[in-house]
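Participant: Quick one: this structure, given as structure tokens, is what I'll be asking you about.
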Amino acid sequence: MPALVLALGLGALGGCASAGGTMRAGDVSDPDPVDSTGAGGVPDARPLPDTAAAPVARAPAPRNSAVVALQAQAASEKAAGNPEQAASMLERAVRIEPDDAELWLALARLRLDQGQPQLARELARRAESLAPSGSGVRRRARDLQQQAATGGGPR
Amino acid sequence: MAKKSKSKSRSRSGSGKRRRVTARRGRSRARARRRILVPALLFVAAALALWICAEGLIVYREFQGRLWTLPARVYAGPIELYAGKDLPRDRLVGRLRQLGYREASGGQIESAAFWATGRSLRIRTRGFHFWDGDEPARTVQLDFDGRVIRRIRDAGGQDVPVMRLDPMEIGSIFPAHGEDRLVIAPDAIPETLSAALIAVEDRKFLRHHGLDPEAIARAAWANVRAGRVRQGGSTLTQQLVKSYFLDNRRTFRRKTREAVMALWVETIYDKQEILTAYVNEIYLGQDGRRAVHGFGLASRFYFGRPLGELALHEQALLVAMVRGPSYYNPWQHPDRARERRDLVLRLMAEQGIVDEALAQQAASRPLAVLAGPGGSGYYPAYLDVVRGQLGRDYAPDDLDSAGLQVFTALELASQEQAEASLERGLAALEKQDAAFAGLEGAVVVSHPRTGEIRAVVGGRRSGFDGFNRALLASRPVGSLIKPAVYLAAIEDGRTLADLINDAPLEIALDNGTVWQPGNFSGDGEGEVTLVRALAQSLNLATVRLGMEVGLPEVIDVLRRLGVPGEIAPYPSLLLGAVELTPLDVAGVYTTIASGGFRTPLRGVRAVLDAGGVPLNRYPIELTAEFDAGDIFQLSRGLLQVTARGSGRGVARRLPKTLTAAGKTGTSDEFRDSWFAGFTGDNLAVVWLGRDDNTPAGLSGSRGALPIWSDLMAELGGRGFAQLPPPGIAEVWIDYDDGRLSREGCGEAVLLALPEDAEMAVKPGCAPSRRGFKERVGEWLQRLKD
Chain A
0 MPALVLALGL
10 GALGGCASAG
20 GTMRAGDVSD
30 PDPVDSTGAG
40 GVPDARPLPD
50 TAAAPVARAP
60 APRNSAVVAL
70 QAQAASEKAA
80 GNPEQAASML
90 ERAVRIEPDD
100 AELWLALARL
110 RLDQGQPQLA
120 RELARRAESL
130 APSGSGVRRR
140 ARDLQQQAAT
150 GGGPR
Chain B
0 MAKKSKSKSR
10 SRSGSGKRRR
20 VTARRGRSRA
30 RARRRILVPA
40 LLFVAAALAL
50 WICAEGLIVY
60 REFQGRLWTL
70 PARVYAGPIE
80 LYAGKDLPRD
90 RLVGRLRQLG
100 YREASGGQIE
110 SAAFWATGRS
120 LRIRTRGFHF
130 WDGDEPARTV
140 QLDFDGRVIR
150 RIRDAGGQDV
160 PVMRLDPMEI
170 GSIFPAHGED
180 RLVIAPDAIP
190 ETLSAALIAV
200 EDRKFLRHHG
210 LDPEAIARAA
220 WANVRAGRVR
230 QGGSTLTQQL
240 VKSYFLDNRR
250 TFRRKTREAV
260 MALWVETIYD
270 KQEILTAYVN
280 EIYLGQDGRR
290 AVHGFGLASR
300 FYFGRPLGEL
310 ALHEQALLVA
320 MVRGPSYYNP
330 WQHPDRARER
340 RDLVLRLMAE
350 QGIVDEALAQ
360 QAASRPLAVL
370 AGPGGSGYYP
380 AYLDVVRGQL
390 GRDYAPDDLD
400 SAGLQVFTAL
410 ELASQEQAEA
420 SLERGLAALE
430 KQDAAFAGLE
440 GAVVVSHPRT
450 GEIRAVVGGR
460 RSGFDGFNRA
470 LLASRPVGSL
480 IKPAVYLAAI
490 EDGRTLADLI
500 NDAPLEIALD
510 NGTVWQPGNF
520 SGDGEGEVTL
530 VRALAQSLNL
540 ATVRLGMEVG
550 LPEVIDVLRR
560 LGVPGEIAPY
570 PSLLLGAVEL
580 TPLDVAGVYT
590 TIASGGFRTP
600 LRGVRAVLDA
610 GGVPLNRYPI
620 ELTAEFDAGD
630 IFQLSRGLLQ
640 VTARGSGRGV
650 ARRLPKTLTA
660 AGKTGTSDEF
670 RDSWFAGFTG
680 DNLAVVWLGR
690 DDNTPAGLSG
700 SRGALPIWSD
710 LMAELGGRGF
720 AQLPPPGIAE
730 VWIDYDDGRL
740 SREGCGEAVL
750 LALPEDAEMA
760 VKPGCAPSRR
770 GFKERVGEWL
780 QRLKD
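Those protein sequences? They're chains A and B, same order as listed. Throughout the first sequence, residue numbering follows numbering that gives the first Met the number 0, covering 0 to 154 in sequence. Throughout the second sequence, residue numbering follows numbering that gives the first Met the number 0, covering 0 to 784 in sequence.
Written out as structure tokens, the structure is:
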């Protein structure tokens, strides 16, 4: 509670202090575009879509059961020594849920194990770009990039 | 008469010597004749024998060869079914009908069918062999919750997490002579069909040796009476030979050749082989350039279903059409077709193939063909993409004759909608102004994350083979190029909140002339933010920015975005004096939409050989060509195009949740009207113009944009959403002067900027500063990353 009071105080202070001067973009409080319309003062105040953007991906939603099932199938194909079958299933899952970072990471892992570090790295980058900040998948995506960059082969 | 006797007497009165000479001469002439005649006869006999043997050789060689001439079959992406999928029941039923599923009404279900039970839908699926394995035939129940599939269970009540329907066949890659076929194996030919063919076309098929002398005599008599060749008296074998080797002329020579070849066919092959070849060879219809051969393809073409699923009355119709596919065409001459079908059914009953009651019941059924040719789905423009992609890995012979099975990413819903939106849009323009008559258009729809091509429309007449504008029409892209200029500026360290002067400028060219670009309207807006210059597509500001950043830098960005070929470093490049096809543009915008990852656009996912063995797969491949933060900043700017810039018509048409980013493009003198843009799930490029390159009279926002918006609204899906990458902050900026602002204060727009960008704050609109807790939270978050 004291921290909150302090934070609010500092925030208010910050807001006052910046009026008319300069400010770093990173210091602006999260504009939280979830609830805003973004219409601003535009004369043609139609519902403007620009702000409905980011939030959809932000909320951690439970994973789609179809892609979880496909990922499991892909894992067994991979274990059975059919990496391309596994890739095909992961891609099926990606088409269903293109923003699921886990799928891109699984695809990256598969390519790394197949000895394609370059592609693995790119796929892991994609996984990282889709993963929420601070999530485990994001960390693993980074690790995998590192591994791919240092020529880390099958694990 | 007297004269004759006189001469006779004179001859008689001549010397005996002369008589002897004459006799000798006669004998020697006869001998000479024999000397010539015998070898000549021998020669003719030998030639005949040689010819007969040669014909035999041709029959053998061609017949064997023909068995392998199978065009590649091309399939659309399968429909995936899973709990949570947005697919209303009636739409699914429509798809099932397209796939030839019957609506069942209880009872024994043997083939692909569906039936409704309460608010659920049950489906008996067809099994299918995909690249990555088999999808079994099974019965499932789908429960719906509004427009969404809530649950899928199999016959045993087990939940099915995900399944796919058999894919729709969208065409084939057939050889240049136009013959298309779908080959049926001997054991897959329905017995009733074989029996009906024999009953109707050649009753003695199983007994004769290729020719039916009685039938020939009957035909010959009819021909003599008619005074010309009218009747054939052909056996199935002769018909097969005629279709394989000969043209349609009815000459004596051709008939002889046909007979010899028929005898050879019967000598070399057994009856089952001949009948199978016949079933796969016989001509049964025409679809533009494509000739429909064989019952396998005819079944798809007329009924949209595999041959094995045809009912008796449907089989009978196909048999009826053998006699004259255009004369008995069920779409053009339904009465004729029906009359002959019923005749076939009567003959079948007479010869005991089916019992009388069954035949009568079948005769009471309607023709039951599809609504029209192409109803089973034929997308020639998409097939061009397939040919292009496979052409890199396969020889032409492999494609048109090796029986490959090609699995594509074509999405029927997108394809149909793209065709409909283009047609609707062009019709609306024509209605507005007769000057817009005769406009052409093209559409490409792709998936922004995977680079898969979902739909291609090559022109207004989409169901026909023709000039494919989506792939072949290279046109100046106009302002579609501008995002590359702004991206180069961002890479150069600028932000979209920076200012640039939108004022007239002159650029000295290498050839000594001076280029004076002009704005779309007016003399310039003065100092503007980069975001406004981008959103409103201001030419002067863009050219100034591009020249400041440097043409080589802009060209480098264009290359990394995926612009193919040489890019000439002329300043006019900055206003889109670059010619690209709609497909190229889709590639460029896919790189932007996917967060800076370049993905080659692909139509083909995988290829199987004729026996179902996996050959190639075309997996997802990508390369990060841009810094994620740079692309994110640009995307935020492109959202403003549709929100308040030259593309603001988009916001009017799309639902609020369907966020879209995009750009208009107009070439010189309004020759080309473009719109390219994306939501979260779809990327589309629309081009309008004229084939002769005369002005279309349309800007991008007036012509292509409404079509694009209509298409995107109908496709639905998720809005464009990306997480800001690390180091990027989303802040409100004053649209006019670029100073930091806050939501709702003046004309504030949401932009993405580097966190360390030092910004002037708009007086009276200062945003609140990040609180201590927020900062600590973020710091902890970064530590976790």
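For glycine and all other residues, C-beta sits at the position ideal for the given N, C-alpha and C.
Buried or exposed for B/GLN314, please, with buried defined as at least 16 other CB atoms from any protein chain shown within 10 angstroms of its CB.
Facilitator: Burial call: buried.
Participant: So with CB distances below 9 Å, who are the chain B contacts of A/LEU104?
Facilitator: Correct list: empty, because the minimum Cβ distance to chain B is about 13 Å.
Participant: Just to confirm before moving on: does the CB-CB distance between B/LEU205 and B/ALA417 stay below 7 Å?
Facilitator: No.
Participant: For the beta strand (DSSP E) containing A/ARG62, name the first residue and the last one.
Facilitator: Premise fails: A/ARG62 is in no beta strand (DSSP E) and is neither H nor E.
Participant: Name the DSSP beta bridge partners of B/THR528, please?
Facilitator: B/LEU498.
Participant: In whole angstroms, what is the alpha-carbon distance linking B/MET167 and B/TYR485?
Facilitator: Using only the alpha carbons, I get a separation of about 42 Å.
Participant: Can you pull the chain B residues whose beta carbon is under 7 Å from the beta carbon of A/THR21, in chain order?
Facilitator: Under the 7 Å cutoff, chain B gives GLU757, MET758, ALA759, VAL760.
Participant: State yes or no: is the beta carbon of B/SER413 nearer than 7 Å to at least one beta carbon in chain A?
Facilitator: No - not a single Cβ of chain A is within 7 Å of the one on B/SER413.
Participant: Quick one: give me the first and last residue of the alpha helix (DSSP H) that B/MET711 is part of.
Facilitator: 703 to 714 is the extent of the alpha helix (DSSP H) around B/MET711.
Participant: Can you name the residues of chain A whose CB is closer than 9 Å to the CB of B/THR449?
Facilitator: Within 9 Å Cβ-Cβ: GLU90, VAL93, ARG94, PRO97.
Participant: Evaluate A/GLN72 with the Cβ neighbour count: other Cβ atoms within 10 Å of its Cβ, from every protein chain shown; 16 or more gives buried, anything less gives exposed.
Facilitator: Buried.
Participant: Determine, using beta carbons only, whether B/GLY679 and B/ARG717 come nearer to each other than 7 Å.
Facilitator: Cβ atoms of B/GLY679 and B/ARG717: closer than 7 Å.
Participant: Please confirm if B/ALA532 has its CB atom under 7 Å from at least one CB of chain A.
Facilitator: B/ALA532 does not count as touching chain A.
Participant: Could you pull the DSSP bridge partners for B/ASP85 from this structure?
Facilitator: In DSSP, B/ASP85 forms a bridge with B/VAL147.
Participant: Let me know the alpha helix (DSSP H) ranges lying completely inside the region 417 to 491 of chain B, each 4 residues or longer, listed in chain order.
Facilitator: Listed in chain order, they are 468 to 471, 481 to 490.
Participant: With a threshold of 7 Å between beta-carbons, can B/ALA348 be considered close to chain A, or not?
Facilitator: Not an interface residue.
Participant: Please state the DSSP three-state secondary structure of A/ARG45.
Facilitator: With a pLDDT of only 33 at A/ARG45, under the threshold of 50, the placement of this residue in the model should not be trusted, and no figure is reported.
Participant: If you measure from the CB of B/ASP286, is any heavy atom of the ligand NAD nearer than 6 Å?
Facilitator: In terms of ligand content, the structure shown is empty, and the ligand NAD therefore cannot be addressed.
Participant: Can you tell me which of B/SER571, B/GLU552, B/ARG335, B/THR580 puts its alpha carbon nearest to the alpha carbon of B/GLY564?
Facilitator: Checking every option, the nearest Cα to that of B/GLY564 belongs to B/THR580.
Participant: Measure the CB-CB distance between B/GLU54 and B/VAL240 and report whether it falls below 7 Å.
Facilitator: Not a contact, by the Cβ cut-off of 7 Å.
Participant: Exposed or buried, which one is B/ARG87 when buried takes at least 16 other CB atoms within 10 Å?
Facilitator: For the sequence presented, residue 87 of chain B should be read as Pro rather than Arg. Answer is exposed; the Cβ neighbour count stays below 16.
Participant: Would you call the CB atoms of A/LEU109 and A/ALA147 closer than 7 Å?
Facilitator: Going by C-beta atoms, A/LEU109 is not nearer than 7 Å to A/ALA147.
Participant: Any beta-carbon of chain A closer than 7 Å to the one on B/VAL161?
Facilitator: Interface residue, yes.
Participant: Of all the CB atoms in chain B, is at least one closer than 7 Å to the CB of A/ARG124?
Facilitator: It does: the Cβ of A/ARG124 has a partner Cβ on chain B nearer than 7 Å.
Participant: Can you give me, in chain order, the residues of the region 379 to 396 of chain B that have a beta carbon less than 9 Å from any beta carbon in chain A?
Facilitator: So the list is empty, because no residue satisfies the distance condition.
Participant: Excluding the 5 residues preceding and the 5 following B/VAL548 in the sequence, name in chain order all residues of the same chain whose CB lies nearer than 6 Å to its CB.
Facilitator: For B/VAL548, where only same-chain residues beyond five positions count, the Cβ hits under 6 Å are ALA487, ALA488, ASP491.
Participant: In this structure, how does DSSP classify B/ARG26 when only helix, strand and coil are distinguished?
Facilitator: The answer is helix: DSSP assigns B/ARG26 an H, G or I state.
Participant: Tell me the DSSP secondary structure of B/GLU757 in three-state form.
Facilitator: It is a strand residue.
Participant: On the three-pair Cβ rule with 8 Å, is the region 389 to 406 of chain B touching the region 600 to 611 of chain B?
Facilitator: The region 389 to 406 of chain B vs the region 600 to 611 of chain B: in contact.
Participant: Rounded to the nearest angstrom, what separates A/THR50 and B/VAL748 at their Cα positions?
Facilitator: With a pLDDT of 39 at A/THR50, under the threshold of 50, the predicted position of this residue should be treated as unreliable, though the coordinate-derived value follows. Answer to the nearest angstrom: the Cα atoms are 9 Å apart.
Participant: What does A/PRO131 reach in chain B if we use C-beta pairs closer than 9 Å?
Facilitator: Per Cβ cutoff of 9 Å: LEU722.
Participant: If we cut at 7 Å on Cβ distances, does B/ARG768 have a partner in chain A?
Facilitator: Yes - at least one Cβ of chain A is within 7 Å of the one on B/ARG768.
Participant: Do the region 500 to 508 of chain B and the region 696 to 716 of chain B touch if we need at least three Cβ pairs shorter than 8 Å?
Facilitator: No: fewer than three Cβ pairs fall under 8 Å.
Participant: Which residues in chain B have a C-beta closer than 7 Å to the C-beta of A/ALA86? List them in chain order.
Facilitator: Going along chain B in sequence order, the residues near A/ALA86 (Cβ under 7 Å) are PRO618.
Participant: When burial is assigned at 16 or more other CB atoms within 10 Å of the CB, is B/ILE480 buried or exposed?
Facilitator: Counting Cβ neighbours within 10 Å, B/ILE480 comes out buried, since at least 16 surround it.
Participant: Would you kindly check if the distance between the Cβ of B/GLU624 and the Cβ of B/GLY586 is under 7 Å?
Facilitator: Not a contact, by the Cβ cut-off of 7 Å.
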